[in-house]
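Engineer: Sharing a structure with you now.
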Amino acid sequence: MPNHLKYPPDTDLRRLLRFAPEEGAIWLGERRMVLLHTASLGALRQDLINSIGLEQARRIFTRMGYASGLNDAEFARKTRPGEDPAAAFLVGPQLHMLEGAARVTPLKMTFDREAGRFEGEFRWDHSWEAHAHRHTFGPADEPSCWMLTGYACGYTSAFMGRLILFKEVTCTACGDDHCRIVGRPIEDWPDGEAHRVYFASDSLVEKIEALSLQVEALRSTLAPAGPCGSMVGQSPAFRRAFELLGKAAATQVTVLLTGETGVGKERFARTLHELSERRAGPFVAVNCAALPAELIEAELFGVEKGAYTGAHAARTGRFERADGGTLFLDEIGDLPVPLQAKLLRALQEGEIERLGSETTRKVNVRLVAATNVDLDAAVKAGRFRRDLLYRLNIYPIRIPPLRERGADIELLAQTLLARFTALHGKRLQGFSERALQALGRHAWPGNVRELENIVERGVILAAQGGSIEAEDLFSLSPGHADQAADRTGLDPHGQLATLPPDPDEDLCERMLASGLPLEELEHQLLAFAVARESGNLSAAARRLGITRPQLAYRLRRGPMPSEPGAA
Numbered sequence: 001m002p003n004h005l006k007y008p009p010d011t012d013l014r015r016l017l018r019f020a021p022e023e024g025a026i027w028l029g030e031r032r033m034v035l036l037h038t039a040s041l042g043a044l045r046q047d048l049i050n051s052i053g054l055e056q057a058r059r060i061f062t063r064m065g066y067a068s069g070l071n072d073a074e075f076a077r078k079t080r081p082g083e084d085p086a087a088a089f090l091v092g093p094q095l096h097m098l099e100g101a102a103r104v105t106p107l108k109m110t111f112d113r114e115a116g117r118f119e120g121e122f123r124w125d126h127s128w129e130a131h132a133h134r135h136t137f138g139p140a141d142e143p144s145c146w147m148l149t150g151y152a153c154g155y156t157s158a159f160m161g162r163l164i165l166f167k168e169v170t171c172t173a174c175g176d177d178h179c180r181i182v183g184r185p186i187e188d189w190p191d192g193e194a195h196r197v198y199f200a201s202d203s204l205v206e207k208i209e210a211l212s213l214q215v216e217a218l219r220s221t222l223a224p225a226g227p228c229g230s231m232v233g234q235s236p237a238f239r240r241a242f243e244l245l246g247k248a249a250a251t252q253v254t255v256l257l258t259g260e261t262g263v264g265k266e267r268f269a270r271t272l273h274e275l276s277e278r279r280a281g282p283f284v285a286v287n288c289a290a291l292p293a294e295l296i297e298a299e300l301f302g303v304e305k306g307a308y309t310g311a312h313a314a315r316t317g318r319f320e321r322a323d324g325g326t327l328f329l330d331e332i333g334d335l336p337v338p339l340q341a342k343l344l345r346a347l348q349e350g351e352i353e354r355l356g357s358e359t360t361r362k363v364n365v366r367l368v369a370a371t372n373v374d375l376d377a378a379v380k381a382g383r384f385r386r387d388l389l390y391r392l393n394i395y396p397i398r399i400p401p402l403r404e405r406g407a408d409i410e411l412l413a414q415t416l417l418a419r420f421t422a423l424h425g426k427r428l429q430g431f432s433e434r435a436l437q438a439l440g441r442h443a444w445p446g447n448v449r450e451l452e453n454i455v456e457r458g459v460i461l462a463a464q465g466g467s468i469e470a471e472d473l474f475s476l477s478p479g480h481a482d483q484a485a486d487r488t489g490l491d492p493h494g495q496l497a498t499l500p501p502d503p504d505e506d507l508c509e510r511m512l513a514s515g516l517p518l519e520e521l522e523h524q525l526l527a528f529a530v531a532r533e534s535g536n537l538s539a540a541a542r543r544l545g546i547t548r549p550q551l552a553y554r555l556r557r558g559p560m561p562s563e564p565g566a567a
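In UniProt numbering, the protein residues as written are 1 to 567.
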């Protein structure tokens, strides 16, 4: 490496990297950072390539890297303000190494910031991106370090004040022994203009939105995997629910799916769509609880241009996107009351009215709704329209919790094991006998969603080529492993250290892993305390540190243990 390209000490950068576990945060100076598994980024890369194609995936990753490079350039200017230009520029490659992207070696670099001239050549070793691409897809035909290249473009462009385009000319994903990039102003490349599309965020967003609708439609054309479609189960409780689902599939009836959080209501809804005559149409899912109240009307019914400030163009809603297919409204109990009348009209008349429009539009949609709350109680409390409940509750299907599906637990676990070993590139012999026993003993308050989380954790923690042990599955949950192991973590100074087990942290981790909302966790705790005291509310209240009236009130307003219309 030429002397003028040798890295200055990075002590100043390392000093700015701070771990603050008590805040749940990692800081680089004043910027918050996160640690991400490269396997997760690799899985995202694979999903994007498979869903929207290699070229669109490349645009997304290049843009991500470009934005990261812009941010690091701003950070670099504040970190070494008095350094000579070369030393100041090298903050970027040093940060890129500190952030775990690759080992960066400058080979050649000449630039004049005043004149806007730049030419640079850099070598990358141990690129996470090239490794992820080759691991997933095998040898590549073209260089594949899109995010890293985008970072180099963003950082250098911000540093120089003009767009600098880097191209990867060798890549280990293609079989080369290292990756190498060359950069110069975009105007100095014969095909430079064709590369501007990778840095134009607006056109990329519009393209993704258009492609997402196509992907939704294409996904719904896939044939079911078997008599139960994509569902897995053989227990009597599951078979009863699926039998009801199969009868509904042959009709156009509105279906209301009830059940606890995490039982797989969206999976049931998708299977209903796959088994119906509408399988060639789109399946559109909406979580009513996840959308802000002020946006949900426009999301469901669409909006006309100029309907409100910022509505620069007309936009279709979910009803129109689901035309000819199935619309799944999850968490229907959280739909604002003013919108419930508009939904009722759409169901009864088969027509909707966009926000800001005075005309109606016909839609041909099969509605499937889902909830984990007592809609009868919501009607009595004035939170849900009685006439809408009557319209939705024509054909209710109760999806059983996992604790009622004991015969399905091992079958589901084996299915999830196959999925996650492929996702994370692990070769495992399966579950040990002790692990299967632990799965069978667990209460599963988070249902299938909790099982998914636990199996994925087990796949990650298990040794390559070995079996998944009970400690791998429930390593953060007290009561499953024989003995809690010491934890490796960060001390108050941000240094790695061996820490003793933290029972409070273990308990919190188990509650979070359950996937249950806070209200349901509270209700389960109250009910458990009452059961422990043999129904004595006063004794249960003393154990919980609250008064008897407070306990009685919270039990009355908590979620119901079962839902109306149970099959």
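For each residue, glycine too, the CB sits at the ideal point set by N, CA and C.
Assuming contact is defined by CB atoms lying nearer than 8 Å, are Arg405 and Phe238 in contact in what I supplied?
Structural biologist: Numbered from its first residue, the sequence shown carries residue 405 at position 405. Numbered from its first residue, the sequence shown carries residue 238 at position 238. Cβ atoms of Arg405 and Phe238: closer than 8 Å.
Engineer: Which complete beta strand (DSSP E) runs does the segment 376-420 hold, if anything under 3 residues is left out?
Structural biologist: As far as the segment 376-420 is concerned, its whole beta strand (DSSP E) runs of at least 3 residues are 395-398.
Engineer: Please state whether DSSP places Val104 in a helix, a strand or coil.
Structural biologist: The count along the sequence shown starts at 1 and reaches residue 104 at position 104. Note: Val104 maps to strand in three-state DSSP.
Engineer: How should Thr547 be labelled, buried or exposed, when 16 other C-beta atoms within 10 angstroms of its C-beta is the threshold for buried?
Structural biologist: The residue given as residue 547 occupies position 547 in the sequence shown. Thr547 comes out exposed.
Engineer: Could you please give the first and the last residue of the uninterrupted beta strand (DSSP E) stretch that includes residue 609?
Structural biologist: Lying outside 1 to 567, the shown extent of the chain, residue 609 is not represented and no answer is given.
Engineer: Near Glu187, which residues of its chain fall below 8 Å by C-beta distance, leaving aside the five closest residues on each side in sequence?
Structural biologist: Locating residue 187 in the sequence shown gives position 187, counting from the first residue. Cβ neighbours of Glu187 beyond the five flanking positions: none.
Engineer: Assign Asn536 to one of three DSSP states: helix, strand, or coil.
Structural biologist: In the sequence shown, the residue the question calls residue 536 occupies position 536. In the structure shown, Asn536 sits in coil (DSSP, three-state: anything other than H, G, I, E or B).
Engineer: Tell me the DSSP bridge mates of Pro185?
Structural biologist: Within the sequence shown, the letter at position 185 stands for residue 185. Bridge partners of Pro185: Ile164.
Engineer: By the DSSP assignment, the beta strand (DSSP E) with Thr136 in it spans what residues?
Structural biologist: Against the sequence shown, residue 136 aligns to sequence position 136. Where Thr136 is concerned, there is no enclosing beta strand (DSSP E), although the alpha helix (DSSP H) it sits in stretches over 128-137.
Engineer: Could you check if Asp191 is buried or exposed, using at least 16 other CB atoms within 10 Å of its CB as the buried criterion?
Structural biologist: Here the question's residue 191 lines up with position 191 in the sequence shown. It is exposed - the Cβ of Asp191 has fewer than 16 other Cβ atoms within 10 Å.
Engineer: Among residues of its own chain, excluding the 5 on either side of Ser203, which ones have a beta-carbon nearer than 8 Å to its beta-carbon?
Structural biologist: On the sequence shown, residue 203 is found 203 positions in, with the first residue counted as 1. Note that Ser203 has pLDDT 46, beneath the 50 cutoff, so the model's placement of it is unreliable and the number below is only indicative. Contacts found: Val197.
Engineer: Below 8 Å between beta carbons: does that hold for Glu121 and Val34?
Structural biologist: Position 121 of the sequence shown, counting from 1, holds the residue named residue 121. Position 34 of the sequence shown, counting from 1, holds the residue named residue 34. Going by C-beta atoms, Glu121 is not nearer than 8 Å to Val34.
Engineer: Start and end of the beta strand (DSSP E) containing Val286?
Structural biologist: As a position in the sequence shown, residue 286 is number 286, starting the count at 1. Looking at the DSSP string, the run of the beta strand (DSSP E) that includes Val286 is 283-287.
Engineer: Pull up the CB-CB distance for Leu402 and Val459, whole angstroms please, since I reckon it's below 8 Å.
Structural biologist: Taking the first residue of the sequence shown as 1, we reach residue 402 at position 402. Taking the first residue of the sequence shown as 1, we reach residue 459 at position 459. About 19 Å separates the two Cβ atoms, so there is no contact after all.
Engineer: Which residue marks the beginning of the beta strand (DSSP E) containing residue 568, and which one marks its end?
Structural biologist: The shown model of the chain, from 1 to 567, leaves out residue 568, and the question about it has no answer.
Engineer: Which two residues bound the contiguous alpha helix (DSSP H) that contains Arg239?
Structural biologist: Looking up residue 239 in the sequence shown gives position 239. It spans 236-249 - the alpha helix (DSSP H) in which Arg239 sits, taken as one unbroken run.
Engineer: For Met231, which three-state DSSP category applies?
Structural biologist: Against the sequence shown, residue 231 aligns to sequence position 231. Three-state result, Met231: coil.
Engineer: So is Gln94 buried or exposed if we call it buried at 16+ other beta carbons inside 10 Å?
Structural biologist: Here residue 94 is taken as the residue at index 94 of the sequence shown, counted from 1. Gln94 is buried by the Cβ-count criterion.
Engineer: Suppose the cutoff is 6 Å on Cβ atoms and the five residues either side in sequence are ignored; what does the same chain contact list for Glu533 look like?
Structural biologist: As a position in the sequence shown, residue 533 is number 533, starting the count at 1. Ala539, Ala540.
Engineer: Indicate whether the contact test is met: 3 or more Cβ pairs, each with one atom in the segment 141-150 and one in the segment 113-130, closer than 8 Å.
Structural biologist: Yes, since at least three Cβ pairs between the segment 141-150 and the segment 113-130 fall closer than 8 Å, the two stretches touch.
Engineer: Is the distance from the Cβ of Ala158 to the Cβ of Ala73 below 8 Å?
Structural biologist: Locating residue 158 in the sequence shown gives position 158, where the first residue counts as 1. Locating residue 73 in the sequence shown gives position 73, where the first residue counts as 1. Yes, Cβ-Cβ distance for Ala158 and Ala73 is below 8 Å.
Engineer: Please classify Asp177 as buried or exposed, where buried requires at least 16 other C-beta atoms within 10 Å of its C-beta.
Structural biologist: The count along the sequence shown starts at 1 and reaches residue 177 at position 177. Classification of Asp177: exposed, given that the 10 Å Cβ count is below 16.
Engineer: What is the rounded straight-line gap between the Cα of Leu428 and the Cα of Cys174?
Structural biologist: The sequence position of residue 428 within the sequence shown is 428, counting from 1. The sequence position of residue 174 within the sequence shown is 174, counting from 1. One C-alpha to the other measures close to 29 Å.
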